[in-house]
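Take the sequence shown: its position 40, counting from 1, is numbered 45 in the numbering used here, and each next residue is one higher.
Note that CB positions come from ideal geometry on N, CA and C, so glycine has one too.
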Amino acid sequence: MSDIAPVPGVPHTAVIIPAAGRGVRLGPGIPKALRLLNGVPILVHAVRAMAAARSVATVIVVAPSDGAEGVRALLDEHPPPRPVHVQVVPGGETRQESVRLGLAALPADADVVLVHDAARPLVPVDTVEAVAAAVRAGAPAVVPALPVTDTIKQIAAPGGGAPEPVTGTPDRSLLRAVQTPQGFAPDALLDAHERFAGLGGAEGATDDAGMVERLGLPVVLVPGHEEAFKVTRPLDLVLAEAVLARRRITDGY
Numbered sequence: 006m007s008d009i010a011p012v013p014g015v016p017h018t019a020v021i022i023p024a025a026g027r028g029v030r031l032g033p034g035i036p037k038a039l040r041l042l043n044g045v046p047i048l049v050h051a052v053r054a055m056a057a058a059r060s061v062a063t064v065i066v067v068a069p070s071d072g073a074e075g076v077r078a079l080l081d082e083h084p085p086p087r088p089v090h091v092q093v094v095p096g097g098e099t100r101q102e103s104v105r106l107g108l109a110a111l112p113a114d115a116d117v118v119l120v121h122d123a124a125r126p127l128v129p130v131d132t133v134e135a136v137a138a139a140v141r142a143g144a145p146a147v148v149p150a151l152p153v154t155d156t157i158k159q160i161a162a163p164g165g166g167a168p169e170p171v172t173g174t175p176d177r178s179l180l181r182a183v184q185t186p187q188g189f190a191p192d193a194l195l196d197a198h199e200r201f202a203g204l205g206g207a208e209g210a211t212d213d214a215g216m217v218e219r220l221g222l223p224v225v226l227v228p229g230h231e232e233a234f235k236v237t238r239p240l241d242l243v244l245a246e247a248v249l250a251r252r253r254i255t256d257g258y
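And the structure:
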């Protein structure tokens, strides 16, 4: 695989891609990150998307604990579009633990760390660079996000299939649907994971930005992109194939 040593004094963005989950909503079988998209594993697309950003110098892939060697071989077979340092480390039982294990491999000179879902293989490079730039501008945590277009209803509690009573309708103009990569000042994310290690969901935080938010640090949003959607269900694979087909026609991707 193409590799490159970071240059001292040059901005160094490091990316952590947790890819140790099973992704059961796509059906039984191989992990979601290894499902094929246009004949290439989703994880490979995600690594390539991150490596395409000029400020990215390191990509740390957190693989299933029993499959790190296989993931390493896969990434060697499908190198990124430009030379970056790609490292594979074994993951943990939860996403939170896997990110923490990725942070343990973080280069000391990284001034920005991005955490990116392996299941978001088509995020545009402009989104990646916008997140990294906002962190470099001084924000401890940055999240790409899109306005919510559906009306959202709040309920009392999940009903297990029974009709659910509505308790409120939030103002959707004040809501945003967050995506990845989420960007952080390294010390902020390291502090959050040390503080909340093993607490199961970080006391209600469902993503890394939520953990940093619980430290009392500000989290800011930058515009997300419709193509940064998460491949979770079989229909998402169909949509992702369509996006790639359009890119081949318009961009030669």
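_Buried or exposed by the 16-neighbour rule on C-beta atoms within 10 Å, applied to Gly166_ = Locating residue 166 in the sequence shown gives position 161, where the first residue counts as 1. It counts as exposed.
*Do the segment 135-149 and the segment 168-179 make contact, defined as three or more Cβ pairs closer than 8 Å?*
no
*Starting from the Cα of Leu42, find the closest Cα among Ala161, Pro126, Ala233 and Pro69 and give me that residue.*
Start at 1 with the first residue of the sequence shown, and residue 42 comes out as number 37. The candidate whose alpha carbon is nearest that of Leu42 is Pro126.
*Do Ala150 and Val183 have their CB atoms nearer than 8 Å?*
The residue you call residue 150 lines up with position 145 of the sequence shown. The residue you call residue 183 lines up with position 178 of the sequence shown. Yes; because the gap between Cβ atoms is below 8 Å, this pair is in contact.
*asked:* Considering only their Cβ atoms, is the gap separating Leu222 from Ala2 smaller than 8 Å?
replied: Since the first residue shown for the chain is 6 and the last is 258, residue 2 is missing from the structure and cannot be characterised.
*Would you tell me roughly how many angstroms separate the C-alpha atoms of Gln187 and Pro95, rounded to the nearest one?*
If you number the sequence shown from 1, residue 187 lands on position 182. If you number the sequence shown from 1, residue 95 lands on position 90. Roughly 21 Å separates the two Cα atoms.
*Cβ pair Val120, Asp196 closer than 8 Å*: Here the question's residue 120 lines up with position 115 in the sequence shown. Here the question's residue 196 lines up with position 191 in the sequence shown. Going by C-beta atoms, Val120 is not nearer than 8 Å to Asp196.
*CA-to-CA distance, Ala115 to Arg59, given in whole angstroms*: Here the question's residue 59 lines up with position 54 in the sequence shown. Here the question's residue 115 lines up with position 110 in the sequence shown. The alpha-carbon atoms of Arg59 and Ala115 are separated by roughly 14 Å.
*Just checking, does the segment 145-161 make contact with the segment 55-71 on the three C-beta pairs under 8 Å criterion?*
no
*What's the C-alpha gap between Pro69 and Ala109?*
Numbered from its first residue, the sequence shown carries residue 69 at position 64. Numbered from its first residue, the sequence shown carries residue 109 at position 104. Answer to the nearest angstrom: the Cα atoms are 16 Å apart.
*asked:* Quick check on the burial criterion: 16 or more other C-beta atoms within 10 angstroms. Buried or exposed for Arg253?
replied: Locating residue 253 in the sequence shown gives position 248, counting from the first residue. It is exposed - the Cβ of Arg253 has fewer than 16 other Cβ atoms within 10 Å.
*Counting only runs of 4+ residues fully inside the segment 124-163, write out the alpha helix (DSSP H) ranges in chain order.*
Secondary structure remark: continuous alpha helix (DSSP H) runs of at least 4 residues inside the segment 124-163, in chain order: 130-141.
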